[in-house]
Amino acid sequence: MMDFKARWSFSLLYLILIFAFVHIIYSCIMSHKLTLDDQKVRLKKQPQLPLRFSSDGTFKILQVADMHYGNGAVTRCRDVLESEFEHCSDLNTTRFLRRLIEVEKPDFVAFTGDNIFGTSATDAAESMFEAFGPVLQSGVPWAAVLGNHDQESTMTREELMSFISLMDYSLSNTFPSAEDNLESSNQNPVKRIDGFGNYNLRVWGAVGSSFANSSVLNLYFLDSGDRAVVDGIRTYDWIKQSQLSWLHSVSKNFQGQKPENGQLACIPLTWSNPPALAFFHIPIPEVRQGPIMEIVGQYREYIACSSVNSGVLQTFVSMGDVKAVFMGHDHTNDFCGKLHGIWFCYGGGIGYHGYGKAGLPRRARVILAELGKGEKAWMGVERIKTWKRLGDENLSKIDEQVLWER
Ligand SMILES: *[C@@H]1O[C@H](CO)[C@@H](O)[C@H](O)[C@H]1NC(C)=O
Ligand SMILES: *[C@@H]1O[C@H](CO)[C@@H](O)[C@H](O)[C@H]1NC(C)=O
Ligand SMILES: *[C@@H]1O[C@H](CO)[C@@H](O)[C@H](O)[C@H]1NC(C)=O
1 MMDFKARWSF SLLYLILIFA FVHIIYSCIM SHKLTLDDQK VRLKKQPQLP LRFSSDGTFK
61 ILQVADMHYG NGAVTRCRDV LESEFEHCSD LNTTRFLRRL IEVEKPDFVA FTGDNIFGTS
121 ATDAAESMFE AFGPVLQSGV PWAAVLGNHD QESTMTREEL MSFISLMDYS LSNTFPSAED
181 NLESSNQNPV KRIDGFGNYN LRVWGAVGSS FANSSVLNLY FLDSGDRAVV DGIRTYDWIK
241 QSQLSWLHSV SKNFQGQKPE NGQLACIPLT WSNPPALAFF HIPIPEVRQG PIMEIVGQYR
301 EYIACSSVNS GVLQTFVSMG DVKAVFMGHD HTNDFCGKLH GIWFCYGGGI GYHGYGKAGL
361 PRRARVILAE LGKGEKAWMG VERIKTWKRL GDENLSKIDE QVLWER
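Mapping of the sequence shown onto our numbering: position 276 corresponds to residue 276, and the numbering continues sequentially without gaps.
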């Protein structure tokens, strides 16, 4: 009898051991698998939000125009000196962008289109990862709009914008945020806005100031499209009426705004209309027609714009808050000039695979907004300045100027 009992418990023990063994093996393999899967579901790295002025009262933007990125190391430079050609590729664009971020330490980077040169990029996603690489690695918040060449590879404009909006530290949006979709808050159905990449980014005042919880600077991003045919003639696209009326309503919402808590009474009215900067790729027809005043920088090439004037300048003038517009498209133009009191500034091409002029350094623009000083704390934006950096050994700083002062 004892014998039977002992054997029984042995078998039971044996069974338990087998179960335990199988369980350990199973959980090892499965948990390993699960970790692998977890790694595949990689979440976007979010920038620190909201965008805001730092405690020294400044907010610095680096404008990057026309990277024209292809496939990286194998994509050769265009329009460089013969002596430079041998050792020049897209990686020179990467290196220039990395140095700009190191030297200027911007709070934000704005890419104004033709980020990739579609016809040279075998895979749009790969090309964008490389093109935006330096800003992704830096952790600096950034946003982009599209030019007329971005969609010439493997993605449509809508796909490109949604991909860009999902990249690390990106604040780009394919469509305006609900917050800025004023039509829909009135229970109207969301109106379709032309294009992909129309959105507003708010920059809040300094911590501890009366403007800590409100936008003191708006950054308007607009999609200027790619190409179009008008009356059988090929031309560039233009910013449409739907985009302009959306922007107009966003802008109106900020006029006469009051900071959110009690201390409004002591805030002078002068601070209640936050200035705005606009970013898009293709210049408007008035930049070509002129007269463009107070030019700082160089007007080196004929302006390539649409034959259609959709009233962008007129809209900006009536909005009143847009103080400066930053564009790309014409790589060797790098000037700022005034139209009806609003500055229109070229970034100057940064991309070595984009056309340029041999011997003329690639370049990028920096924009610095400064807050006014109140008695005890920072107020709203008082001054907006700009300059450029050249892609030479010293990253030479040129053409510094004040664009706007309250
Ligand atoms: C491109 O980068 C290489 C390697 O860093 C450098 O030797 C070369 O001078 C650069 N070319 C230009 C045109 O900047
Ligand atoms: C901003 O919001 C924070 C947190 O809600 C609050 O503590 C602070 O008093 C607000 N400041 C202003 C100026 O509204
Ligand atoms: C860069 O700076 C050095 C030292 O100031 C100067 O000698 C050199 O000429 C500068 N190079 C350029 C391209 O400006």
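Here a beta-carbon is modelled for each residue, glycine too, at the ideal position from N, C-alpha and C.
Residues that L219 bridges to, as DSSP identifies them: L201, L277
Assigned secondary structure, R362 (DSSP; H/G/I helix, E/B strand, else coil): coil
Alpha carbon of C345 to alpha carbon of G147, nearest angstrom: 16 Å
Nearest-angstrom Cα separation, counted from A125 out to H331: 24 Å
Cβ-heavy atom distance, S396 to ligand 3, below 7 Å: yes
Environment of T93 [buried if 16+ CB atoms lie within 10 Å]: buried
Assigned secondary structure, S153 (DSSP; H/G/I helix, E/B strand, else coil): coil
Cβ-heavy atom distance, S210 to ligand 2, below 7 Å: yes
Cβ-heavy atom distance, E84 to ligand 1, below 7 Å: yes
Supposed contact pair P134 and K60 - C-beta distance, whole angstroms, cut 8 Å: So it is not a contact: roughly 16 Å between Cβ atoms.
Sequence-ordered residues whose beta carbon comes within less than 7 Å of a heavy atom of ligand 1: C77, V80, E84, H87, C88, L91, N92, R95, Y352, G391
Option in D79, F96, P291, A377 with minimal Cα separation from D392: F96
Member of A358, G356, I367 whose CA lies at the smallest distance from the CA of C324: Note that residue 324 is Ala in the sequence shown here, rather than Cys. Of the candidates A358, G356, I367, the one whose C-alpha sits nearest the C-alpha of A324 is I367.
Separation of V64 from I233, as counted between CA atoms: 31 Å
Assigned secondary structure, T75 (DSSP; H/G/I helix, E/B strand, else coil): coil
Residues that DSSP places opposite I208 in a beta bridge: Looking at the sequence provided, one finds Gly at residue 208 rather than Ile. G208 pairs with nothing; no bridge assigned.
Reduced DSSP category for I303 - H, G, I as helix; E, B as strand; rest coil: coil
Euclidean distance between Cα positions of R227 and A304: 11 Å
Per-residue DSSP class, three states only, for W238: coil
Sheet register partners of Q401 (DSSP bridge): T386
Sub-8 Å separation of V145 and F221 beta-carbons: yes
Ligand 3 heavy atom lying under 7 Å from the CB of E393: yes
N394 burial status per 10 Å Cβ neighbour count (16 or more: buried): exposed
Spatial distance of T315 from I164 (CA atoms): 28 Å
Residue-level contact to chain B via CB, S170, 8 Å cutoff: Judged by its chain identifiers, the structure shown contains no chain B, having just a single protein chain.
Distance between W404 and Q255 (C-alpha atoms, nearest Å): 18 Å
For G341, the nearest candidate out of V322, R202, M67, R300 (CA to CA): V322
Alpha carbon of P189 to alpha carbon of N181, nearest angstrom: Any reading at P189 needs caution, since the residue's pLDDT is 46, under 50, leaving its predicted position unreliable; the model's value is listed next. P189 and N181: Cα-Cα distance of roughly 10 Å.
Cα-Cα separation, N198 to Q243: 7 Å
Reduced DSSP category for S251 - H, G, I as helix; E, B as strand; rest coil: helix
Cβ neighbour criterion (16 or more within 10 Å) applied to Y69: buried
Sheet register partners of M293 (DSSP bridge): K338
Same chain, Cβ closer than 6 Å to V216, neighbours up to 5 away in sequence not counted: G205, P274, G380, V381
For T407, three-class secondary structure by DSSP: An answer regarding residue 407 cannot be provided, because it is not within the stretch 1 to 406 covered by the chain.
V41 burial status per 10 Å Cβ neighbour count (16 or more: buried): exposed
Length of the line joining the Cα atoms of N173 and D194: 14 Å
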